[in-house]
Each structure stands twice: as C-alpha cells, then as structure tokens.
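Numbering (my numbering), first residue to last: 1 to 347. First the structure, in the form of structure tokens, and then the observations on it.
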Ligand code: SF4
C-alpha cells in the first residue's frame, strides 16, 4: 500500500475517532432517541422493520447465503462461513477500512457535517483502474464485529453526519442488516445510503427494500465487452446492472430532497465516471436510462477519472479525459432527454 494512502487513512481514523478495537467498545450508543422508542413521523422505514423483527430476519437469511456464497453476480460459491474467501476476497469476517464524515460526496449527501461514510474492505467488481485498490483489492482494513459496525453508525449520527453512507457494501450485506438492526434499537435514525457499483443481484435487492433510503450507484459500462475487459469476469454487467437499477428505482423512486436542509432523504442517484476513448459506452448508458427511468433521474457525470492501479497496462485508459470527451458524455445525456444532470467538468 502506498505510504501516502496509509497516512491519509490514518488521519481519517484519528479524525473520526475510529480506533476500532478500543473506540467502538467504549461507545454506549446513547442517543436522544433511546431503545424501544416508537416510530416517529419522518423516521426511515428501516426503523419499522427493526421493530417488527424483519431486519434481523433478513440479515440472518442473507447470512446463511454465505454458506455457499451467491450474494453478488459472481456467484462464486465460496464457503465463507467456514472461512473461505470468495472472488471478492471476503469471508464471513467483516473488514472495514475506515469510517468518518466525508465532505467530497454530492452536496445532497454532505450537509454541514459531512456524509457518514463507512468504507468496506474488498469488492467483487475488480476494476483494473480502481482508485481505491488498496482497500478494494489489496485487503487494507481491520477486522470488525457486527456490533462494532452498529456502534460506528451510532457514532456517525452523534457527530452530526447527514446519513450513513455504505461504500462498497454488497459482499457484507448480511453484516450491514444485522448491524443496522442493532443501531436502530439504540436510536439510529439517519437515512442509509447504499453506495454501490450498481452490479447488484436481483434476488438480493428485495432484502434491502425499506432498508436502504438512497441508492447511490456508479453505472460504469454500457457494453459488456468493455466490462469484461476492465472488470474481469463481469461479462453480464449491462443486463445485471440495468435490471438492478429498475429494481432500485422501484424501491426508492426518483430522488427526493428535504427543502429545509437540501439533503437527500430517499431515491436513486446515479453516477457515471467518464473514461478516455469512451471505453464506458456512455451513450448506451444514457439512452437506456432515458428510455427506462424518469427523465429527471439524478445523474452525476463525473470528470475526475485518474489512471490508477493497473490502468498503465491498458494504454487506452492510461490518461485523464479531455474536455471534448467530457462534453460528448454530457451531450449523450442531453440527447437522451435527461434533465437532472449534475456536471463536474468543463463543458
Ligand atoms: S460476494 Fe464475494 S464471495 Fe459472495 S459470490 Fe460475490 S465474490 Fe463470491
């Protein structure tokens, strides 16, 4: 792992008070809304699921699926409950790289005190250009219990964060549901943001219904050949991700913003990272969204692609994008009739 990355993460640990083994054991989870409080207007739907016992049931059901894991489209069958690591490198032991307030997310997620991010170690998509490869593919992180994850969520709420932002959560979905059940029992009431590559299984997403408030997806590829090349093994990326977006939208709808705070309360937010030489098939993505989701679907067209990890082995993606390439991506979205575009780069 690069020294600079280690230092940056160490700083985040310190700033967030996240010295897992010591700090989280000392959290008492107390909150103005304590255990056994009734649901109040405006509480996220997962509070009701917790009170009904459904959140725990769902978490336990997903946990059993780690026996021969099929939690992501890899379906690799790893015996995670016996300690075997899957293609994503995860076994049943939860590993977390960092947690803390994050101010670099979309404005609708940040507010005054930041988005309460929790970065999970490991990832199933295995992108050759991943900017977080130390965490997603090289195993940087610390072992953490489900209880500690729940306490982390409560700690982020106490710090005034706007939401719980779960980054690369899919392979730890069972742990997350059980941790959320614990945190809800001790007063967690923040919206839950599921920050995913979008390559989600259709038979897992129902477990997240009324649990996740905001799906924050990264719709990476519009064509399978490119997905297979830059995310090896994700040959079905397009079909799987399209279906997942339909299901996610069905659950949470178009993004809703609290007019008083400007913060996202519920809905689908789509990111798309523009890459050099249009290896992402951006026009296909935008056309599909325009034809299958509401025209005012929130789309963040991102310009910050930086060649990292193994990008140097692929000359066509081993540079940043040009103004012209960014402009072409924006035009593709406009041509698809999309109206809720959030632009970062020069037009
Ligand atoms: S989540 Fe990991 S272990 Fe489970 S199917 Fe996907 S790659 Fe395999």
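Don't be surprised by glycine CBs; every beta carbon is placed ideally from N, CA and C. A quick note: this is a predicted structure, and the numbers were derived from the prediction, not measured.
From residue 32 to residue 131, what distance separates their C-alpha atoms?
Interpretation of residue 32 is limited by its pLDDT of 37, a score under 50 that renders its predicted location unreliable; the figure taken from the coordinates is listed afterwards. Roughly 38 angstroms between the two C-alpha positions.
According to the Cβ coordinates, are residue 113 and residue 160 closer than 8 angstroms?
Contact flag set, yes.
Going by the DSSP bridge assignment, what does residue 196 pair with across the sheet?
Answer is 217, bridged to residue 196.
With which residues is residue 59 paired in a DSSP beta bridge?
DSSP output for residue 59 lists no bridge partner at all.
Judging by CA-CA distance, which residue of 248, 147, 118, 150 is the nearest neighbour of residue 135?
Nearest neighbour of residue 135 by Cα position, chosen from 248, 147, 118, 150, turns out to be 118.
My guess is that residue 283 and residue 302 are in contact by the Cβ rule of under 8 angstroms, so how many angstroms apart are they, rounded?
16 angstroms between Cβ atoms; not a contact.
Under 8 angstroms, do residue 380 and residue 296 count as touching if we go by C-beta distance?
No answer is possible for residue 380: the residues shown for the chain start at 1 and end at 347.
Look up residue 40 in the DSSP assignment and say whether it is helix, strand or coil.
Coil.
CB-CB length for residue 97 against residue 121, believed under 8 angstroms
The pair is a contact, with the Cβ atoms about 5 angstroms apart (cut-off 8 angstroms).
To test your reading of the DSSP string, which unbroken alpha helix (DSSP H) runs of 4 or more residues are found completely within the region 216-261?
The region 216-261 contains, as complete alpha helix (DSSP H) runs of 4+ residues, the segments 224-230, 237-252 (chain order).
Inter-residue spacing [alpha-carbon to alpha-carbon] between residue 27 and residue 237:
With a pLDDT of 32 at residue 27, under the threshold of 50, the predicted position of this residue should be treated as unreliable, though the coordinate-derived value follows. A direct Cα-Cα distance of roughly 40 angstroms separates residue 27 from residue 237.
If I'm right that residue 224 touches residue 235 with Cβ under 8 angstroms, what's the distance once you round it to whole angstroms?
The Cβ separation is near 6 angstroms, so the contact holds.
Which residue spans inside the region 67-134 form an unbroken beta strand (DSSP E) run of at least 3?
Taking only runs of at least 3 residues, the beta strand (DSSP E) segments lying wholly in the region 67-134 are 95-102, 115-120.
For residue 312, collect the residues of the same chain with a Cβ closer than 7 angstroms to its Cβ; drop the 5 residues on either side in sequence, then sort them by chain order.
Listed in chain order, the non-local C-beta contacts of residue 312 below 7 angstroms within the same chain comprise 318, local neighbours out to five positions each way being set aside.
Those residues which DSSP pairs with residue 264 across a bridge:
BP columns for residue 264 point to 257.
Extent of the continuous beta strand (DSSP E) to which residue 166 belongs:
Its beta strand (DSSP E) spans residues 164-167.
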